[in-house]
Amino acid sequence: MPLYVSDKQIVLPGDIIATRDYNVTGSIYWDGDAAYSAVVGLVSIKGERDIEVIPLSGIYKPRTGDIVIGYITDIGLTGWVVDINSPYPAYLPIQEATLKPVDLTMVDLKSLLNIGDIVLARIIDFNLTKDTPVTLTLKEARLGRIEGGTLVEIDASKVARVIGRRGSMVGIFSEELGCDVTVGQNGRIWIRCRDPKDESFVARVIKFIEAESHTSGLTDRVRSMVSQYKGSKTTSTTKPR
Amino acid sequence: MGKQPPVPLLINGRRSDGRLPNEHRPVRMEVGVINNAEGSALVAYGNTVILAAVYGPREVPQKHLELPDKAILRVRYHMAPFSTSEGRKSPTPSRREIEISKVIRMALEPVVILERFPRTTIDVYIEVLQADGSTRVTGITAASLALADAGIPMRDLLVGVSIGKVSGTIVVDLNQLEDQYGEGDMPFAIMYGRGLITLMQADGEWTPGEIGQAIEMAFKAAEQIYRLQKDTLKSKYVESSISLLT
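If you're matching them up, the sequences are chains X and W in order.
Just so you know, the first sequence maps onto residues 90 to 330 in the working numbering.
Just so you know, the second sequence maps onto residues 2 to 247 in the working numbering.
Here it is, written out as C-alpha cells:
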C-alpha cells in the first residue's frame, strides 16, 4: 500500500502516484492496482488517504454550477450563442436571460444582448447529447451583462490559485485596494476597482499568480506586492483629503 | 537496395558520422516555443529538427467527423520546403507525408486519453524544419512533448527511436545516408514508463534474432530520451521560480 509521491511534487504523464489504498482524484488514470498521473501536474496531499493531482495547464471543461464569463458570439431565434473559452459551445436561451416574459414576435433579441456583449453567467446544464452542450442562465442576483472594469484571461487550470484558499487571494484585493475581483471558472477574470488606475496593477498581479501558481507561499508574496504598491501610491500621489 | 553509398557506412565499427552502432545523435528539446498553440515543442536528433504544435481540445469544424464518446486526433506531418538537402521540396503533402501522418496518429492514439473530451478534436501539427533521417520518430517525440505541454491527459510520454541495419550491423538512430543506403530500418514509438510499444514498422530483411536485438537497443536509447523529456517538462516550471527569487 505504498504512496509514491510527496506533497507539492511535480508529476508527469505516466508517473505512478499510489495504489488502490489511497483515494486519488484529479487528472489521473487507473491501471490495474495503481493510479498514474495523466498530465504535468502538482500533487496535493489533502488528508491521510486523499491525494489530488492538479494539472498545471489545460483547457476549461464545463461543469454544472460553475460561474463563467462569456462573450456573445451569435444571436439565434430563441437565444444567444456564447463563447465560454471551452471546446463545447454554450447557449443562453431567452427564458434564462430575463425575468420578464418576452414576446419573441415583438422584441428584437439584439436589444437585450448584442454580439460582443460580455456576460457573467452560471452553467445550469452540461449535456453532451445536445447540439450546444452547455446551457447558461443569468437569472440570479449578481449575474448578467457586465460593463466597465477590466477583463483578464488566464489558463483555466490556474483559477483555483487566483481565488486562493477560501477566497484568500481575492480577499487581499478587496480588503487592501477595494477591488472587486470576479473569477469565472473558465479563466476569465473581471476586475473593478474603486480607483480605475488600480485595475492594471491587479491584472498584472493576476498574471503573476498564473505564472507562479505552482510555487508555495504565493499568498504572502502577493500580499507584500499589494502593500508595496499601496505604499508607493500614497507617497507619490499626496492627495489632499 | 542495390545502390552503392557515396561513402562506406561502417568502417572498423564506426559509422559514416563517427558514431558507434549503439550511439544516438545528440538530442535537444524545448517546450512552449509557440505562444498561440495550447502546447508546443522543438526537438532535434542531431541535424533532424522538428517543431510540433498542439491545438485543442476544440470544436470539430466538420460536424460529421466528431465522435460521441471520445475526441478525435488529427495529425499532420509536413516537411518544410527548405527542410531537405536536395533543393526545394514541394509544400503539397506528398503520398509519403500523408502516410506518415496516419502512422504517427496511430502511434499517439493509444497514449492520449481521448475519452476525457468527447465530441472535440485535438490537432497535432508536426513540421519538419530540417530533415536528416529518422524524421517520423523525432516527430513522435516532439508531438508527445507538445501534448504534455498542452495539458492533454496522456497515459505516458511517448519516445520515438529508429533502429536500422547497415552493413549487417544493427544501429540506432539512422541519419539520412543510412536511411537511404542501409539494408533496413525499424522505427519505434515507446511508452517507456509503462514499457509498451505503440509503433513498430520494418523495412528490409530481419532475422528473429536481429529483431530482438533491435527492440533491446530501442529501449536502451529510449531511456535517455525519456529522461530528457521529463527534465524538459519539469524545467519549465522549476526554472521560472528560480528566476523570480534572484
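Just so it is clear, CB atoms sit at the ideal spot from N, CA and C, and this is done for glycine as well.
- Beta-bridge partners assigned by DSSP to Gly205 of chain W: W:Gly185.
- Ranking X:Glu229, X:Asn216, X:Val294 by CA distance to the CA of Ile252 of chain X puts X:Val294 first.
- Around Thr271 of chain X, the same chain offers Trp279 as residues with beta carbons nearer than 6 Å, after the five sequence neighbours per side are excluded.
- Apart from the 5 residues on each side of it in sequence, Gln274 of chain X sits with its Cβ closer than 8 Å to the Cβ of Tyr149, Arg152, Asp155, Ile156, Val157, Ala245, Val248 in its chain, given in chain order.
- Chain X has a Cβ within less than 8 Å of the Cβ of Glu39 of chain W.
- Contact of Phe118 of chain W with chain X by beta-carbon distance below 7 Å involves Pro176.
- The C-beta of Glu87 of chain W has fewer than 16 other C-beta atoms within 10 Å across all chains shown, which makes the residue exposed.
- Here the C-alpha atom of Gly140 of chain W lies approximately 26 Å from the C-alpha atom of Ile105 of chain X.
- When secondary structure is reduced to three states using DSSP, Ile173 of chain X falls in the coil class, being assigned neither helix nor strand.
- Between Val129 of chain X and chain W, the shortest Cβ-Cβ separation is below 8 Å.
- In this structure, the beta-carbon distance from Arg234 of chain X to Leu198 of chain X does not fall below 8 Å.
- The Cβ of Leu200 of chain W sits no closer than 8 Å to any Cβ of chain X.
- Interface flag for Gly103 of chain X against chain W is set, since a Cβ pair is found closer than 8 Å.
- A direct Cα-to-Cα measurement between Val241 of chain X and Ala300 of chain X gives close to 14 Å.
- Residue burial is scored here from C-beta neighbours: Pro69 of chain W has fewer than 16 other C-beta atoms within 10 angstroms and is therefore classed as exposed.
- DSSP places Ile207 of chain X inside the beta strand (DSSP E), whose first and last residues are 207-215.
- Within 8 Å of the CB of Leu217 of chain X, the CB atoms of chain W belong to Pro69, Pro119, Arg120, in sequence order along the chain.
- In this structure, the straight-line span from the alpha carbon of Lys4 of chain W to that of Leu11 of chain W is close to 16 Å.
- Distance from the CA of Arg211 of chain X to the CA of Ile212 of chain W, rounded to the nearest whole angstrom, comes to 58 Å.
- No Cβ-Cβ contact shorter than 8 Å links Met155 of chain W with Leu146 of chain W.
- Less than 8 Å divides the Cβ of Val104 of chain W from the Cβ of Leu200 of chain W.
- The beta-bridge partner set that DSSP reports for Lys286 of chain X is empty.
- For Glu128 of chain W, DSSP records a beta bridge to W:Leu52, W:His79.
- In the DSSP assignment, Val248 of chain X falls within the unbroken alpha helix (DSSP H) covering 248-252.
- The contact set of Pro154 of chain W on chain X, defined by CB atoms closer than 8 Å, consists of Pro102, Ser116, Tyr118, Ala127, Val128 in chain order.
- By the 16-neighbour rule on beta-carbons within 10 angstroms, Lys97 of chain X is exposed.
- The beta carbon of Val44 of chain W lies closer than 6 Å to those of Met30, Ile51, Thr139, Thr142, Ala143 in the same chain, with the five residues before and after it left out.
- Its chain contains Trp279, Ile280, Arg281 as the residues whose beta carbon lies nearer than 6 Å to that of Gly238 of chain X, once the 5 sequence neighbours on both sides are disregarded; these appear in chain order.
- Not a single C-beta of chain W is nearer than 8 Å to the C-beta of Ile156 of chain X.
- According to DSSP, Tyr180 of chain X shares a beta bridge with X:Val170, X:Thr224.
- For Met258 of chain X, the uninterrupted alpha helix (DSSP H) segment begins and ends at 257-261.
- Bridge partners of Asn112 of chain X according to DSSP: X:Asp139.
- Interface flag for Pro151 of chain X against chain W is unset, since no Cβ pair is found closer than 8 Å.
- In the structure shown, Lys71 of chain W adopts coil according to DSSP, grouped into three states.
- Taken through DSSP and simplified to helix, strand or coil, Lys219 of chain X comes out as coil.
- Linking Thr308 of chain X to Phe262 of chain X through their CA atoms gives a straight-line distance of about 11 Å.
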